[in-house]
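These protein sequence lines are chains L, Y and U, in that order. Start counting the first sequence at 9; every next residue gets the next number (our numbering). Start counting the second sequence at 57; every next residue gets the next number (our numbering). Start counting the third sequence at 791; every next residue gets the next number (our numbering). Okay, structure first, notes after.
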Amino acid sequence: MRHRLLTTLSLCAALTACEERRPTEQFAAPGATPAPEDVEPGPVSMRRLTRVQYQRVVADLFGPAVVVPPLAEPDVAQGGLLSVGAADTTFSPRGVASLEDAAYAVAAQAMADPEARAATVPCRPAGIADAACARTALEALGLRAWRRPLTGEELDRLTGIAAQSAEALGDFFAGFEYAIAALLQSPHFVFRIELGAGAVSERRFDDFALASRLSFFVWNTAPDQALLEAAASGDLSTEAGLRVQAERLLASPRAREGLGNYFSEQLSLYKLDALAKDPTLFEHFDTELGPDAREETLRFLLNTVFDADADFRDVMTSRESFLNPRLASLYAVPAPTLDGFRQVALPASAERAGLLSHASVLNLNAHQTSSSATLRGKFVRTVLLCQPIPPPPVNVDTSIPEPSATARTLRERVKVHLESPACASCHSLLDPIGLGLENYDAVGRWRDRDNDAPIDATGDLDGVRFDGPIELGQAIRDHEAFAPCVVRTLARYATGRVEAPGEHVLLDDLSARFAALDYRLQPLLLEVIMSPMFRNAGAPR
Amino acid sequence: MSLHRRAVLRGLLGGAAVSIALPLFESLAGRKARASSGGAPKRYVQFFWGNGIQPQRWVPATEGADWALSEQLAPLAAVQGALTLITGTEVKTGNGSAHFSGPAGFLTGQAPLTKPGGDETVGGPSLDQRIAAAVGGDTLFRSLEVGVQPGVRGLSFNGPDSVNPAESDPAALFERLFGPTFRVPGDDAPPDPRLALRRSVLDSVMADARALDRRLGSVDRARLDQHLTAVRDLELRVARLQSVPVRRDACVRPEPPQALDPIDGRPQMAERARVMADLCTMALACDQTRVLSVWYSDPLSDVLYPDASAGHHQLTHDEPGDQPQINAIIQGVMTSLAYFVGALQATREGEASLLDSVALLATTDVSEGRTHQIDEYPILLAGKACGALRSGFHYRSRTKESTSHVALSLLRALDLPAADYGVDAALVDTGLSVLEP
Amino acid sequence: MRRWLVGGALTALSLGCGESAAPLDTQPDAAPAPDAAPYFEGGRYVLAGSHANVVRRLGFISLDSPGVAKGFDLDGRTSPMGERESCGHGDLTDPQGRAGVDNQLANIWSSLAPLVGPQVQALLQNAINEGRVLIMLELAGVDDLKNDDDVTLRVYRGLLRPEVGTRGLITPDQTFDFDYASPVSMVEGARIVDGVLEAGPTILQIPIIILDLDIVAQLHFGRVHLDIADDGTFTGYMGGALNVPEVIGALLNTGASAETRLVKPLFENNADMVPVDGQCTFMSMGMEFEATTAFVVRDATQEE
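What follows is the structure in structure tokens.
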């Protein structure tokens, strides 16, 4: 074990950095608390469609026959959520080129497939450049694509493109492709323009903006015809009208897709597609493991929220999960079916309960060749308890010793993190948690020994002792920061932004409601939608 | 402007394509004159790899024109004559963000920007994009970002939160550069009439953006502006596709690349680097772009190299002793760089080699990976930029000069009228004098 | 602690069907089991108190050195070379020094292996990996996997299209169906001592499906040796004697008749047990294997 000389500055910086983030963090700043309606809402931003949203909206517009090419422009996370990062990103030149390619690919398929074509252009064109037919079709398509009625000028322009292209190519539908391409490349399509209406002080969202916010939150796609009609008739500007539509969307099976996307972002499940582990060390690993692991976690969480409508905190301790044969063999339990997923209750001796024992979480928060106490501890602190951890100070030797006769297990090897004061201030918050999960190796398989030494999975989470992952899950479930963190992350996802300083009182209010609802997430979704955080519009950013 | 184009449409498709396209081409030709009078245009090439080097094996013992390669630079023996090594410089913008402070400070001149949620981005455009803004207007692609590690993102920034993601799939890159839209230089077939229709659509998109602009707040307006710029770029590129490509000696359509699947779950980094180097060299030879960045791996890259016992980043922190595996990995990167520089050198343009017109910067995100330090910053240059850069020596800074001096010299070598570079502690108004003739 | 089994809510169905099933395994301090649907559908269940392995690598035993090979003393005699009872073939000694080992195939295989070893090995491995030859080794009535006076060993065929992992072998802990259409070999009252089990004699029925062959090889005087590791995996070997005329006769009726005609004299000349009219009719052999942990699901509706 070697240590480099540490500069005093980094020592002090590190010490104060982690102590500021002790778990007693409250949301609201001390002082006078305004009434919820008077809270200044955070600024509104236009948000770029995420890659998943782009695919879903296009699929909604043109039907299942159209294969949507993936966009080259990557999503960016902010505070761990892609939907919040969407407020900061734009399109690069390469992204715009990819957008153009995708737009033409979609348009060509839409006009080639008879069903899609009939649905998009319901009228029979009377000649090569039937402007009236084109205009009618574009009016309906534009409303769905841009999530608002098109202005006269916009319709004129698009109809003109359709007509000229039709004349140039000698065919109505070939020409119409160019109008579709113009619709799909417009910033009105690729960005969600959800702005306020009226004076800024009114804090009112434009009705179509509210429809868009509601639909993207609950279904992760653009509003359907019924929601657009509700927006057009002004229903959404009343509390009752908004509630009716919110309840309709929440009751639909599409809500599962929407909430599934939330969990996928929160837990970074989308990274499981590119999961890489060293196959020479882990014989169970193959390219299907990541997607299967994601499927298990999503089914489990969505079942808890929608089917069981249970106390959401129980996701940390539940002995139920959804297994397919591959996951069953990874977990060393019998496979409940010959193929596909089935919900099962794992008995006590299976040593698995709750989210922390899922292959998804265990794989994502480990290295390619070994487990990681620090990464798993960081996951619990930052994602489950909303306690940010600052990055390590620079100019510090961060190596841990290789396994040796005197230090065989990871617990023994990371002791150096906890012995040096500069490292311990943060690592004492992280490593003990991750060490409690050491019985799960880098691919999530149970082991009793590490380098032929028995694993000690005891530890302490902010004063609560635990022995092993099951007790750790219970400690997290009961942690005072867990439920408020659920609320805060959900609110950020729904509103697409980090909460403004004054809005902490609204988060506290939502947390209280969550508790009063016995911590059921399904009704919490409605509470978030009806909250001023979601309904009120701040100034444009 | 858009009205003019719509009127032009009819004429274009009536078959008078070439004559109406010409005026546009001429206005571009006027800008071409800004390039070096030697005939070959100047190019900027950037090569980046993640996780740094090992100073004790990187810094050579000798300096000046007769310098001997150090252990980690030994793979570059065949092209040593074209190299310039700068050691001893330091990034001056502070080191608060491991792996990010270094490249942000060097390549954008400022410290990273921290956002409300805690995430970070850059404060301004990166070096390659500043150069692209000045010289990228004459080519099909304003700039090209290419990756070696599958999924690498790269650090080519237009501004905060606006990255130009690298293309790391060789087949997709080939398709983009040499696919159906590639026109062999000298090919004077009439352009596809649909190009004009595409431009009309892009006009409409830009009109949408301009109408939207008025309703947004200032931050969003800046984002929209970037989008608008990107669309305009695309429109210019489509316009260029309508014109006749200029004859270039070394430009031929290459063979499509073979698939390179991972072996035992590990990506074939060296082979991918060679394929990308070949495609990039040809793209430069065909003058498809004059600003190219090759992202071998990202900062914090944890790729599993063929004989490594753990991911790259994990090894920098966990491999004990003098880290022989890390040494092997770095030498592997240098081997790939040597291949690339060699390919540029071997491509003839008239009397000179392609490399002679290039200013190539090879750098990384930290100096020693294990400690994340950003002094003793690794900077390797190649090429002469048509005589605007002196080359062929090892310069060692004894006073920890700012990396900004090197950046400013590069900007000037590409004929940018830059009075200074960097902000706050990284602000300089002189380049590195040894580099300037 | 890791090994456990579920009998499920199907106790009612499975009782009285010859096998005993146990209810859900619970520990006193565990969280109460939630109301979930039964673990398996229909009459499917896992035998409580049993530990199963699937053979994932199989090979013929070769000579370690001249006269030395793994195997068993099948006929209770140590036969020197030239003995009439064993038709001239001498017994071998096992690597631990025990004499009287009957394993004539080891002699043959040592000569054949350089010529056809890899091909046969590949054929066997393919057959295993594709699920055509899945030999399940199951210990039932186990109180302690390391030391137990009375366990029941069953050898039977499993059914599954298995997952093959990065080592080119079936991955651990998969779930196989019990093949009710195949014969089961059973030894009751077997003993495990310090993680080693030796069971037999019994008739071991080994299903072989390779190329066009779909036969059950009967190993008479069969014995099984298991080394049981801490993680519950078995390695070991099994041995017995093939009834040469019967096996040859069966093989001649298959698509492998040409190859059979080639090996017929080899087998006849190396038969070393059960002489009839001065000609030995059985040939001793042994196979070694590597197995890994597995679950076996039985189906109560297929049991009488």
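Note that the Cβ used here is the ideal one computed from N, Cα and C, for glycine as well.
query, result
"I need the boundaries of the alpha helix (DSSP H) containing Ala230 (chain L), first residue and last residue.", "Taken as a continuous stretch (DSSP letters only), Ala230 (chain L) belongs to no alpha helix (DSSP H), as it is neither H nor E."
"Please tell me whether Glu410 (chain L) has its Cβ less than 8 Å away from any Cβ of chain Y.", "yes"
"To which residues does DSSP link Glu405 (chain Y) through a beta bridge?", "Y:Ala408"
"For Ser337 (chain L), which residues in chain U fall below 8 Å Cβ to Cβ?", "Glu953, Thr961, Pro962, Asp963, Gln964 and Thr965"
"Quick one: what's got a C-beta closer than 7 Å to Leu267 (chain L)'s C-beta in the same chain, skipping five residues either side?", "Leu310 and Val313"
"Taking Pro434 (chain Y) as the reference, which of Y:Arg99, Y:Gly158, Y:Val101 and Y:Asp122 has the closest Cα?", "Y:Gly158"
"Classify Asn937 (chain U) as buried or exposed, calling it buried when 16 or more other Cβ atoms lie within 10 Å of its own Cβ.", "exposed"
"Listing by chain order, which chain Y residues have their CB less than 8 Å from the CB of Leu166 (chain L)?", "Ser260"
"Just checking my contact of Ala930 (chain U) with Val945 (chain U) at CB under 8 Å: how many whole Å lie between their CB atoms?", "Wrong, their Cβ atoms sit about 12 Å apart, outside the cutoff."
"Compare the C-beta of Phe387 (chain L) with all C-beta atoms of chain U and state if any pair is closer than 8 Å.", "no"
"Determine whether the beta carbon atoms of Thr58 (chain L) and Asp83 (chain L) lie at a separation below 8 Å.", "yes"
"State buried or exposed for Pro822 (chain U), treating a residue as buried only when at least 16 other CB atoms are found within 10 Å of its CB.", "For Pro822 (chain U), the predicted model reports a pLDDT of 42, less than 50, meaning its position is unreliable; a value from the coordinates is still stated below. Classification of Pro822 (chain U): exposed, given that the 10 Å Cβ count is below 16."
"So what's Ala36 (chain L) in DSSP terms, helix, strand or just coil?", "Because Ala36 (chain L) sits at a pLDDT of 48, beneath the cut-off of 50, its placement in the model cannot be relied upon, and the following sentence gives the value as read from the coordinates. In the structure shown, Ala36 (chain L) sits in coil (DSSP, three-state: anything other than H, G, I, E or B)."
"Identify, in the order they occur along the chain, each residue of the same chain with its Cβ nearer than 7 Å to the Cβ of Ala113 (chain L), setting aside the five sequence neighbours on each side.", "Pro77"
"Compare the C-beta of Asp363 (chain Y) against all C-beta atoms of chain L and say whether one is closer than 8 Å.", "no"
"Would you mind stating whether Thr140 (chain Y) and Ser447 (chain Y) have Cβ atoms separated by less than 8 Å?", "yes"
"Considering only the alpha carbon of each residue, which of U:Asp1021, U:Ser876 and U:Leu924 lies closest to His841 (chain U)?", "U:Asp1021"
"Applying a beta-carbon distance threshold of less than 7 Å, which residues of chain Y neighbour Ile169 (chain L)?", "Ser256, Val257 and Ser260"
"Which residue marks the beginning of the beta strand (DSSP E) containing Thr466 (chain L), and which one marks its end?", "Thr466 to Leu469"
"Of the residues U:Phe862, U:Thr1082, U:Leu882 and U:Gly872, which one's Cα is nearest the Cα of Leu853 (chain U)?", "U:Leu882"
"Excluding five sequence neighbours on each side, which residues of the same chain lie with their C-beta closer than 7 Å to the C-beta of Glu176 (chain Y)?", "Ser153, Phe156, Pro168, Leu169 and Thr170"
"By DSSP, does Asp286 (chain L) sit in helix, in strand, or in coil?", "coil"
"So is Leu203 (chain L) in contact with chain Y if we call contact Cβ pairs under 8 Å?", "yes"
"Opposite Leu1016 (chain U) in the DSSP bridges: which residues?", "U:Leu987 and U:Gly1026"
"Residues in its own chain within less than 8 Å of Arg375 (chain L) by CB, not counting five upstream and five downstream?", "A small fix is needed here, since residue 375 (chain L) is His in this sequence, not Arg. Here the set comprises Leu383 and Ala450."
"For Cys131 (chain L), which three-state DSSP category applies?", "coil"
"Smallest Cα separation from His1010 (chain U): which of U:Pro828, U:Asn919, U:Asp1004 and U:Val1064?", "U:Val1064"
"Would you mind working out which of U:Phe1079, U:Ser1074, U:Val1006 and U:Tyr1027 sits nearest Glu988 (chain U), comparing C-alpha positions?", "U:Tyr1027"
"Between Arg29 (chain L) and Asp317 (chain Y), what straight-line distance do the alpha-carbon atoms span, to the nearest angstrom?", "Because Arg29 (chain L) sits at a pLDDT of 42, beneath the cut-off of 50, its placement in the model cannot be relied upon, and the point is left open."
"For chain L, find out if any of its Cβ atoms is closer than 8 Å to the Cβ of Leu268 (chain Y); answer yes or no.", "yes"
"Considering only the beta carbon of each residue, do Phe387 (chain L) and Asn373 (chain L) sit closer than 8 Å?", "yes"
"In three-state DSSP terms, what is Ile484 (chain L)?", "helix"
"How is the beta strand (DSSP E) around His292 (chain L) delimited, first residue to last?", "That residue, His292 (chain L), is in no beta strand (DSSP E); it is neither H nor E in DSSP."
"Taking the Cβ atom as the reference point for each residue, do Arg847 (chain U) and Gln915 (chain U) lie within a distance shorter than 8 Å?", "yes"
"Kindly list, in the order they appear in chain L, the residues whose Cβ is closer than 7 Å to that of Val1087 (chain U).", "Pro342"
"Starting from the beta carbon of Phe293 (chain L), find every residue of chain U whose beta carbon is closer than 9 Å, and list them in chain order.", "Gly955 and Thr956"
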